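Contents: one structure, followed by commentary.
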Ligand code: P5A
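Residue numbers (the numbering used here): 240 to 685.
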């Protein structure tokens, strides 16, 4: 992409409404624009990162056998009356009537709708286990929408639902989600810690939230510091193996880690004092097991091997896809702007032409641009007629992990400069070697 053709409305001034750094940088980098409180338009740069995050979520869901689908945002009130949540969900649910006076709502979650689908089509134990998911916009009329996409009213969620014959099988699905989520967040450069939590309006009494530790997080958390040493890495867990998934669950959840809703001082005091931590975190996901609550109310019943009719055991699992952009920026930035982890960066590298119009510089930039593109990489070429300082400022703000700087002086010596956004370290290399270096960084990751 050439910056002269892109739509990147970078703001020079600091937006006053932004209280936390991720919100400020998303506005300044021209990623989002507020449409009304807690509702945002996703401008090209923000949308590109959102899509990258969605892709990782899709890949990781399908890696463990979950099936993608798409349910509507608008739901019927009657369905929610069957589950009993039409009243209990309260004012967070946006309700309205269609022209015929029928009660409708903008879905805050989809337990009812998916259970009705499964109730309509699944009749036999042979069709199980089944996990269906979608990535779809939700609406929750939050009392205090704030911090940009962190607590939006309209937000994008991956929500998945498992249907199993027994409690044991449903708990395996729960563990499998934990394994899959750990991997998903790590691919985005995040450490998200599973913590015992409260189930709120979703129901059930077994649930974990995934928290990214950050001072600006909205949740108060208490944990054993040993938990932060755990990483999932590139383990190859057989997700169909109950005990393999249980082992990961045990490893990641056996130490004390709870949100304030489930915090227990007595248990916490059993952790050696030097390891006791209280901090703040951003909730980037949550998994639930709630048994047969919805399936009984909505008729999701199958015949087992003996011909007996039994209600399905269910759980639901959510990832805050749009919130993740904020969480990633909170976890990875400096005072100049965003620093994208390589897995989610909107462009793989930037090319900065220090002297637009100089024949040698323009030619070298064009060759770099085509060489990188031919390798399947997406560079962002700043070909504007701007001062070097302004170009560097834009690149730093939008946070591409690598920058190639091209100028007439370097070219006289046959080199361009490759700079890491994270460390600020630069290296002078012949243009072909610069291309090879960037290609090697992203090898196997495109
Ligand atoms: C699980 C999937 C559920 O709704 N039903 C379907 C279950 N869980 S949840 O914890 O309430 O939401 C899942 C994740 O969505 C993100 N999230 C939000 N993101 C931005 N703005 C909001 N207002 C908001 N509310 C929830 C969180 O990441 C949460 O973990």
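Even for Gly, the Cβ is constructed at its ideal location relative to N, Cα and C.
Bear in mind the structure is a predicted one, so any value in this text is a computation, not a measurement.
- At least one heavy atom of the ligand P5A lies less than 7 Å from the C-beta of residue 349.
- Set against 7 Å, the gap from the CB of residue 398 to the closest heavy atom of the ligand P5A is smaller.
- In this chain, the alpha helix (DSSP H) harbouring residue 286 covers 283 to 302.
- For residue 325, the enclosing alpha helix (DSSP H) covers residues 324 to 327.
- With fewer than 16 other beta carbons inside 10 angstroms of its own, residue 302 counts as exposed.
- DSSP places residue 397 within a strand segment (E or B) once states are collapsed to three.
- The continuous beta strand (DSSP E) containing residue 274 extends over residues 271 to 275.
- Residue nearest to residue 631 within the set 620, 591 and 656 is 591 (criterion: CA-CA distance).
- Between residue 330 and the set 421, 344, 338 and 317, the nearest pair of CA atoms involves 344.
- Residue pairing of residue 677 in beta bridges, as defined by DSSP: absent, with no partner found.
- In this structure, the beta-carbon distance from residue 561 to residue 388 falls below 8 Å.
- Bridge partners of residue 517 according to DSSP: 461.
- In this structure, the CA atom of residue 624 is about 25 Å from the CA atom of residue 613.
- Taking a contact as a CB-CB distance under 8 Å, the pair residue 310 and residue 375 counts as one, their CB atoms being some 6 Å apart.
- Rounded to the nearest angstrom, the gap between the Cα atoms of residue 500 and residue 357 is 33 Å.
- Collapsing the DSSP output to three states places residue 385 in a strand.
- The stretch 367 to 386 makes contact with the stretch 334 to 353; the number of CB pairs closer than 8 Å reaches 3 or more.
- In this structure residue 593 is buried. Its beta-carbon is surrounded by 16 or more other beta-carbon atoms within 10 angstroms.
- Its chain contains 249 as the residues whose beta carbon lies nearer than 6 Å to that of residue 633, once the 5 sequence neighbours on both sides are disregarded; these appear in chain order.
- Assignment of alpha helix (DSSP H) within the stretch 644 to 671, counting only whole runs of 4 or more residues, yields 647 to 651 in chain order.
- The stretch 595 to 610 makes no contact with the stretch 463 to 482, as fewer than three CB pairs between them are under 8 Å.
- Counting other Cβ atoms within 10 Å of its Cβ, residue 556 reaches 16 or more and is therefore classed as buried.
- Here the stretch 535 to 551 does not lie against the stretch 575 to 588, with fewer than 3 beta-carbon pairs under 8 Å apart.
- Here DSSP, grouped into helix, strand and coil, assigns residue 260 to helix.
- Residue 335 is classed as exposed because its beta carbon has fewer than 16 other beta carbons within 10 Å across all chains shown.
- Contact between residue 576 and residue 638 holds: CB atoms are separated by about 5 Å, below the 8 Å threshold.
- Listed in chain order, the beta strand (DSSP E) elements of length 3 or more contained wholly in the stretch 572 to 639 are 588 to 592 and 618 to 621.
- Taking the Cα positions, residue 643 is about 9 Å away from residue 620.
- An exposed status is given to residue 406, since fewer than 16 other beta-carbon atoms sit within 10 Å of its beta-carbon.
- Under the DSSP definition of a beta bridge, residue 241 partners with 620.
- Here residue 542 is bridged, per DSSP, to 363 and 548.
- Annotation for residue 491: the continuous alpha helix (DSSP H) segment containing it runs 481 to 492.
- With contacts defined as CB atoms closer than 8 Å, residue 681 and residue 581 qualify as a contacting pair.
- Assignment of residue 476 by DSSP, reduced to helix, strand and coil, places it in the coil class.
- A distance below 8 Å between beta-carbons, with the five flanking residues on each side excluded, links residue 271 to the following residues of its chain, in chain order: 265, 279, 280, 281, 282, 285, 387 and 388.
- When C-beta atoms of the stretch 519 to 529 are compared with those of the stretch 446 to 458, three or more pairs fall below 8 Å, so the two segments count as touching.
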